[in-house]
Amino acid sequence: MNQTFSAGIIAAGEGSRFKKSGIQTHKPMLPVAGFPLIGHALRNLEAAGILKAAIIFNEQEADCADWARRNFPGLELNILIKSTPSSFESFWLVGRLLGPGRHLITTVDAFCLPHETRKMVDQVPQDGIALGVTSFVDDEKPLWVAMDEKTGKISEVGASTGKFATAGFYNVPGSIFEKRPDDDMASLRFFLKWLVSNGTPARGIVLNDVLDVDVPKDLEAAERLLKGSKT
Numbered sequence: 446m447n448q449t450f451s452a453g454i455i456a457a458g459e460g461s462r463f464k465k466s467g468i469q470t471h472k473p474m475l476p477v478a479g480f481p482l483i484g485h486a487l488r489n490l491e492a493a494g495i496l497k498a499a500i501i502f503n504e505q506e507a508d509c510a511d512w513a514r515r516n517f518p519g520l521e522l523n524i525l526i527k528s529t530p531s532s533f534e535s536f537w538l539v540g541r542l543l544g545p546g547r548h549l550i551t552t553v554d555a556f557c558l559p560h561e562t563r564k565m566v567d568q569v570p571q572d573g574i575a576l577g578v579t580s581f582v583d584d585e586k587p588l589w590v591a592m593d594e595k596t597g598k599i600s601e602v603g604a605s606t607g608k609f610a611t612a613g614f615y616n617v618p619g620s621i622f623e624k625r626p627d628d629d630m631a632s633l634r635f636f637l638k639w640l641v642s643n644g645t646p647a648r649g650i651v652l653n654d655v656l657d658v659d660v661p662k663d664l665e666a667a668e669r670l671l672k673g674s675k676t
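So in the working numbering, spot 86 of the sequence shown is number 531, and the numbers just go up one at a time.
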């Protein structure tokens, strides 16, 4: 197994669904049990042994960067403030910031308990990519994967349906960021599908205590998940 010591967080989304609901707080700063999403993500990474992290915030979120630096002095943070046109662009920029080695890249709205982040740091293959997957799917457009449950091998990303969908956690080698694909990548899901269809070995790591914080009710679900872990 290859140990992962660095991580990336994609936090450049606009949080449009929260804004439509009247919540103007920047998405990375949305509180779960009084602590912001970006804080939960960084705390989980730190607890899993991560030493450095790259984060991308959009250009309206400079205050989020200040908060992260102030509250996580023990992490070596490389923060990019840039609005991007797509999730792929954010993913690519974070990967380029991280450079060589294996990296766990996640999205700020992929909320989980610490042991799930630990899985994604420790349970990685010698080569290829490892995707966090979950059978708990509450998403309008889940990214289904075709996966052998015995071996964890993923044969297809973007299947028409399935038991498991991606969960916002990606353990990847820095080598996938060495050459930008010639194909137009409209989103991160297209890039993941492209990697697997072009022969990159892929494995799924099943995560149970994880959810996507996309709408206001998800904040309540995240708080219940957190409180349930302490009872």
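Cβ atoms here follow ideal geometry from the backbone N, Cα and C, with glycine treated the same way. Note that the coordinates shown come from a computational prediction; the quantities given were computed from them, not determined experimentally.
{"Item": "Separation of Leu576 from Arg488, as counted between CA atoms", "Value": "20 angstroms"}
{"Item": "Contiguous beta strand (DSSP E) assignments of at least 3 residues, all confined to the stretch 580-642", "Value": "589-592, 599-604, 609-618"}
{"Item": "Distance between Val641 and Trp589 (C-alpha atoms, nearest Å)", "Value": "13 angstroms"}
{"Item": "Bridge-paired residues (DSSP) for Cys557", "Value": "Val655"}
{"Item": "Cβ shell of Gly573 (< 8 angstroms), same chain only, five flanking positions each side left out", "Value": "Pro618, Thr645, Pro646, Ala647, Arg648"}
{"Item": "Neighbour-count burial assignment, Asp511, 16 or more Cβ in a 10 Å radius", "Value": "exposed"}
{"Item": "Distance, Ala610 Cα to Lys586 Cα", "Value": "10 angstroms"}
{"Item": "Alpha helix (DSSP H) segment containing Asn523, residue limits", "Value": "Segment 521-526 is the beta strand (DSSP E) holding Asn523; no alpha helix (DSSP H) there."}
{"Item": "DSSP three-state assignment for Gly494, whether helix, strand or coil", "Value": "coil"}
{"Item": "For Ala452, the first and last residue of its enclosing beta strand (DSSP E)", "Value": "451-456"}
{"Item": "Val602 versus Leu520: straight-line alpha-carbon distance, rounded", "Value": "33 angstroms"}
{"Item": "Burial state of Ala478 (16 or more Cβ within 10 Å)", "Value": "exposed"}
{"Item": "Cβ-based neighbour list, Asp654, same chain, cut-off 8 angstroms, excluding 5 preceding and 5 following", "Value": "Cys557, Leu558, His560, Glu561, Leu670, Ser674"}
{"Item": "CA-to-CA distance, Gly484 to Asp659, given in whole angstroms", "Value": "17 angstroms"}
{"Item": "Straight-line gap, Phe636 to Ala499 (C-alpha atoms, nearest Å)", "Value": "20 angstroms"}
{"Item": "Straight-line gap, Pro661 to Val578 (C-alpha atoms, nearest Å)", "Value": "23 angstroms"}
{"Item": "Ile650 versus Ser466, Asn643, Ala591, residue with shortest Cα-Cα distance", "Value": "Ala591"}
{"Item": "Proximity to Gly494 [Cα-Cα], best of Thr449, Phe614, Ser466", "Value": "Thr449"}
{"Item": "Buried versus exposed call for Ser600 [16 or more other C-beta atoms within 10 Å across all chains shown]", "Value": "exposed"}
{"Item": "Reduced DSSP secondary structure (H/G/I, E/B, other) of Leu671", "Value": "helix"}
{"Item": "Exposed unless 16 or more other CB atoms sit within 10 angstroms - verdict on Ser580", "Value": "exposed"}
{"Item": "Classification of Gly460 by the beta-carbon crowding that lies within 10 angstroms, buried from 16 upward", "Value": "buried"}
{"Item": "Coil, strand or helix - Phe517 by DSSP", "Value": "coil"}
{"Item": "Reduced DSSP category for Val539 - H, G, I as helix; E, B as strand; rest coil", "Value": "helix"}
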